[in-house]
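Engineer: This is the structure I want to talk about, given as structure tokens.
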Amino acid sequence: MKTFVLTEDQSMLRELAQNLAEAEIKPRSEHVDQGCVVPAEGMSVLAEAGLLSCVLPEDQGGAGLDCWSQCCVIEETAKQCASTAWAVSENAVVAECVCRYGSETSKSQVLPSLVEGVFAAVADGAGLTCEKAGDGYVLSGRLRHVLLAEAAKWLVVSAQEGEERLWFLLENGQDGLKVEKQAELLGLKGCPAGTLCLENCRAASDALLGGGVEKTLRTLRALYGAAIAAGISQGALAEAIPYANQRIQFGKPVSHFENNQQLLSDLLAKAEAARALTWNAAAVKDSGEDGEVVAEMAKVFAADVAPYLTRKCVQVMGGYGYSREYPVERKMRDAKMIELLGGTAEDLKAEVAKALVMQ
Amino acid sequence: MDFNLSPAHMQDLEHYKRFAKDEIAPRFCQMEIEGATPPELLEKMAQAQLLGIPMPKEYGGLGKDFISATLCMEELSKASPATAGIINVSTELVADNILRHGTEEQKNKYLPDLCSGKVIGAFALTEPGAGSDASGVRTAAEDKGDHWLLNGTKCFITNAEIAGTFLIAAMTDIGDGKKKISMFIVEKTFPGFRIGKHENKMGIRSSSTCELILEDCVVPKENLLGQKGKGLGIALGCLDSGRVMIAAQGLGIAQACWDDTVAYLKEHAEETGFVINTQRVQFRLAELQTKIDAARLLIYRAAAAWSEGKKYGKEAAMAKYYASDVANEAARLCLELTGLDGCSCGTRLEEYYRDAKITEIYEGTNEIQLMVIAGQLDIKA
Numbered sequence: 023m024k025t026f027v028l029t030e031d032q033s034m035l036r037e038l039a040q041n042l043a044e045a046e047i048k049p050r051s052e053h054v055d056q057g058c059v060v061p062a063e064g065m066s067v068l069a070e071a072g073l074l075s076c077v078l079p080e081d082q083g084g085a086g087l088d089c090w091s092q093c094c095v096i097e098e099t100a101k102q103c104a105s106t107a108w109a110v111s112e113n114a115v116v117a118e119c120v121c122r123y124g125s126e127t128s129k130s131q132v133l134p135s136l137v138e139g140v141f142a143a144v145a146d147g148a149g150l151t152c153e154k155a156g157d158g159y160v161l162s163g164r165l166r167h168v169l170l171a172e173a174a175k176w177l178v179v180s181a182q183e184g185e186e187r188l189w190f191l192l193e194n195g196q197d198g199l200k201v202e203k204q205a206e207l208l209g210l211k212g213c214p215a216g217t218l219c220l221e222n223c224r225a226a227s228d229a230l231l232g233g234g235v236e237k238t239l240r241t242l243r244a245l246y247g248a249a250i251a252a253g254i255s256q257g258a259l260a261e262a263i264p265y266a267n268q269r270i271q272f273g274k275p276v277s278h279f280e281n282n283q284q285l286l287s288d289l290l291a292k293a294e295a296a297r298a299l300t301w302n303a304a305a306v307k308d309s310g311e312d313g314e315v316v317a318e319m320a321k322v323f324a325a326d327v328a329p330y331l332t333r334k335c336v337q338v339m340g341g342y343g344y345s346r347e348y349p350v351e352r353k354m355r356d357a358k359m360i361e362l363l364g365g366t367a368e369d370l371k372a373e374v375a376k377a378l379v380m381q
Numbered sequence: 004m005d006f007n008l009s010p011a012h013m014q015d016l017e018h019y020k021r022f023a024k025d026e027i028a029p030r031f032c033q034m035e036i037e038g039a040t041p042p043e044l045l046e047k048m049a050q051a052q053l054l055g056i057p058m059p060k061e062y063g064g065l066g067k068d069f070i071s072a073t074l075c076m077e078e079l080s081k082a083s084p085a086t087a088g089i090i091n092v093s094t095e096l097v098a099d100n101i102l103r104h105g106t107e108e109q110k111n112k113y114l115p116d117l118c119s120g121k122v123i124g125a126f127a128l129t130e131p132g133a134g135s136d137a138s139g140v141r142t143a144a145e146d147k148g149d150h151w152l153l154n155g156t157k158c159f160i161t162n163a164e165i166a167g168t169f170l171i172a173a174m175t176d177i178g179d180g181k182k183k184i185s186m187f188i189v190e191k192t193f194p195g196f197r198i199g200k201h202e203n204k205m206g207i208r209s210s211s212t213c214e215l216i217l218e219d220c221v222v223p224k225e226n227l228l229g230q231k232g233k234g235l236g237i238a239l240g241c242l243d244s245g246r247v248m249i250a251a252q253g254l255g256i257a258q259a260c261w262d263d264t265v266a267y268l269k270e271h272a273e274e275t276g277f278v279i280n281t282q283r284v285q286f287r288l289a290e291l292q293t294k295i296d297a298a299r300l301l302i303y304r305a306a307a308a309w310s311e312g313k314k315y316g317k318e319a320a321m322a323k324y325y326a327s328d329v330a331n332e333a334a335r336l337c338l339e340l341t342g343l344d345g346c347s348c349g350t351r352l353e354e355y356y357r358d359a360k361i362t363e364i365y366e367g368t369n370e371i372q373l374m375v376i377a378g379q380l381d382i383k384a
């Protein structure tokens, strides 16, 4: 079914991402989840195809593609494996932030490695402080629940200097930066969380990311978070619908029961709406606007749909849906995580309200 | 109309609360990680006489009413939904069925051990091709004169690995080439009976869920439960009581989610910028507690009707449908309010999110509950 009219280039890119995700990422997704294994192979596959941080300009090693293309890669990946999609998203967020707000030193160090598939992580929670020291800064503090903290080569962190919030690019393993292991989380198990422990961690002045990075970072994380949520929803339907067609109860496929038809149609509409909002937000950003509010609205909607929709897909599949033999229970766990990451619904709604409600 | 628990019920509730708090809650997360219920906990449950609460004293039960049984289910589910589920299956689906349909010999032989918890019961209706549609059972029981021979595979059987007594639904010949379901009491030691694949589930992982494989399983003639060909009625009949119990399981999960979340938000008030005092959090917790209370009232209504010997199939289905829905809503909302702390494995909230989902599925999916409810309302032209 054609639902969105794409240009030929867009269609080709989307197909490429879709094929790679089905052939290379799906078969690894169960292992990634159940073994809490970082999706290094999936990242390599996407890197080889030039799909990682493809938004970077060509002179920075990227493919010079638009934000919509990056969304599509993330969405197609998320249909098969949300953990891999999260890693792809963080990679792209860090790449764009460094590309736009980083020093020349940072760009030349970081961007090529991101395109080649190293992991990156954003640590945007509160808990770190910094102070000026010489021509750089010294960072301290602890920050829990940083996904991919240990696997990431590059970390973008925010730290408070009095009233001001500054953003830095740090390298894992640098002096004063340690990562403590943390308990497994409900979902996105392929992106194990860690606690970032900074103790007199020095950041040179060229590790500072320039003003405006926070807005870009927030917008991108909302946008890519929406793409992951939209992908999870479509992936869950891609399991539940064929199942409903082959599962016979009371003498007919369960897809022939009116309740399931109504339910699945409703879920399809919601998944389609989530994707449409996401693509719209990407298109707004590609048009040159900052696109923050539409991205936030897309994330609010898509990340609200995904936990609901995956829960219903488990329901359609009954006991089989509840079993780890099928991937929908994983999608239900991953969906819940996406609802919380990259801006919670409450925080995003508060931002939308600031922009559109309160005068 | 009295909405208060009687003093006797209050006393029972205290007993269940204490047991849940002392014996189950401390082990909950570890049991789920290990994927098994420790035998010493099963023994303690037996000692506390939790496996025969509503069963008559003459067979070793406590002779309590069903409201007391639902109170137990709610309290134990707060501490571990999987553990509470073990009791439900053994008591409501196995012991209660033998009580209602068994011969005096069967009752004397099986009930004292089930009620005392010496033996755990398991109930096997579901098959790969027979989920919501119980009539799709393919397991066959052949009359061999002095015994029955059972062949087939059952799946998703709760308690499989810890049970000694199984109720198994199988197709029997009822003459004229017609086949209908009959129920059999099968002991795990019967020849030809074995446990198959262990299910790797999203949640309630400490409760054992497995396939049962019957290969020329020899079952004594006298182990037919109830009349030949009446097994479907037996199976569906006991699901009414089981449904009230699953509703109470959902209720326990929902209330525990609410309790844990409020405790978390109070404890972390400063760190979270006193988010608990904000209107959005206040409203959502108020709304959730309202729904939890509504679920509780539906459950008490069904349990009261059941205790009074009235028909309560519709009330049971309504309670199960609603309470399991609220459990899932609660689990989702509470993870939102507690964030990644709540999502950390080894915390109760993370477990509840995965456990809550099963309450919408087993003992009849919620779609089946709606069929039951609709069937008993006068809503056809």
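If you read the sequences in order, they're chains A and B.
The numbering used here applies: residue 23 is where the first sequence begins, and numbers increase by one.
The numbering used here applies: residue 4 is where the second sequence begins, and numbers increase by one.
Quick reminder that beta carbons are idealized off the backbone N, C-alpha and C, glycines included.
1) Using the rule of at least 16 other Cβ atoms within 10 Å of the residue's Cβ for burial, across every protein chain shown, is A:Q337 buried or exposed?
2) Under the DSSP definition of a beta bridge, which residues are partnered with A:V160?
3) By the criterion of Cβ-Cβ separation under 7 Å, what are the contact partners of A:E361 in chain B?
4) Can we count A:A317 as close to the ligand ATP, meaning its CB is less than 7 Å from some heavy atom?
5) Assign B:F126 to buried or exposed, taking buried as 16 or more other Cβ atoms, counted over all protein chains shown, within 10 Å of its Cβ.
6) If you scan the stretch 97–163 of chain B from start to end, which runs of the beta strand (DSSP E) of 3 or more residues do you find wholly inside it?
7) Spell out whether any CB of chain B is found under 8 Å from the CB atom of A:P329.
8) For B:T175, which residues does DSSP report across the bridge?
9) Please check the pair B:N91 and B:M205, which I expect to be a contact at CB under 8 Å, by giving their CB distance rounded to whole angstroms.
10) State the start and end residues of the unbroken alpha helix (DSSP H) segment that holds B:E339.
11) For A:D55, which residues of its own chain have a beta-carbon under 7 Å away from its beta-carbon, when the five flanking residues on both sides are left out?
12) Is it the case that the Cβ atoms of A:A155 and A:L136 are separated by a distance below 8 Å?
13) Between B:E26 and B:K47, is the Cβ-Cβ spacing less than 8 Å?
14) Let me know the secondary structure DSSP gives A:E37 once reduced to three states.
15) So the beta strand (DSSP E) A:F323 belongs to, where does it begin and stop?
16) Nearest by alpha-carbon distance to B:P42: which of B:L235, B:L336, B:L239 and B:S211 is it?
17) Whose C-alpha, out of A:R166, A:N302 and A:G158, is nearest the C-alpha of A:L191?
18) Taking C-beta pairs closer than 8 Å, name the residues in chain B that A:T366 reaches, listed in chain order.
19) Could you check the C-alpha separation between A:E30 and A:L331 for me, to the nearest Å?
20) What runs of the alpha helix (DSSP H), each 4 residues or longer, lie entirely inside the stretch 73–125 of chain A?
21) For A:G247 and B:R283, I'd like the C-alpha separation in whole angstroms.
22) Along the stretch 194–218 of chain B, where does the CB come closer than 8 Å to a CB of chain A? Name the residues.
23) Compute the distance between the beta-carbons of B:T73 and B:A330, then report whether it is under 8 Å.
24) Quick one: list the residues of chain B neighbouring A:N281, beta-carbon separation under 8 Å, in chain order.
25) What residues from chain B crowd round A:S75, counting only those whose CB sits closer than 7 Å?
26) Cβ of B:L228 within 8 Å of Cβ of B:H104?
27) Does DSSP classify B:K231 as helix, strand or coil?
28) When you compare the CB of B:S119 with every CB in chain A, is at least one pair closer than 8 Å?
29) Taking the Cβ atom as the reference point for each residue, do B:D262 and A:Q271 lie within a distance shorter than 8 Å?
30) So, does the CB of B:Y303 fall closer than 8 Å to a CB anywhere in chain A?
31) Spell out the partners DSSP gives A:C219 in its beta bridges.
32) Which of the three DSSP states, helix, strand or coil, is assigned to A:F190?
33) If we ignore side chains and look at the alpha-carbon of each, how far apart do A:A229 and B:I361 end up?
34) Please classify A:N41 as buried or exposed, where buried requires at least 16 other C-beta atoms within 10 Å of its C-beta.
35) Output yes if chain B places a C-beta closer than 8 Å to the C-beta of A:H53; else output no.
36) If we ignore side chains and look at the alpha-carbon of each, how far apart do A:Q180 and B:L288 end up?
Structural biologist: Here's the rundown:
1) buried
2) A:E153 and A:R224
3) E339
4) Here there are no bound small molecules, and the ligand ATP is not part of this structure.
5) buried
6) 123–127, 143–146 and 150–161
7) yes
8) B:K183
9) That belief does not hold up - the Cβ atoms of B:N91 and B:M205 are roughly 19 Å apart, past 8 Å.
10) G316 to G345
11) S105, K211, G212 and R352
12) no
13) yes
14) helix
15) Segment E314 to Y344 is the alpha helix (DSSP H) holding A:F323; no beta strand (DSSP E) there.
16) B:S211
17) A:G158
18) E339 and G342
19) 31 Å
20) 89–102 and 104–123
21) 23 Å
22) E202, N203, K204, M205 and G206
23) no
24) E370 and L373
25) Neighbours of A:S75 on chain B: none; closest Cβ ~26 Å, over 7 Å.
26) yes
27) coil
28) no
29) no
30) no
31) A:R164 and A:K200
32) strand
33) 49 Å
34) exposed
35) no
36) Before going further, note that residue 180 of chain A is Ser rather than Gln in the sequence given. Distance between the alpha carbons of A:S180 and B:L288 is about 32 Å.
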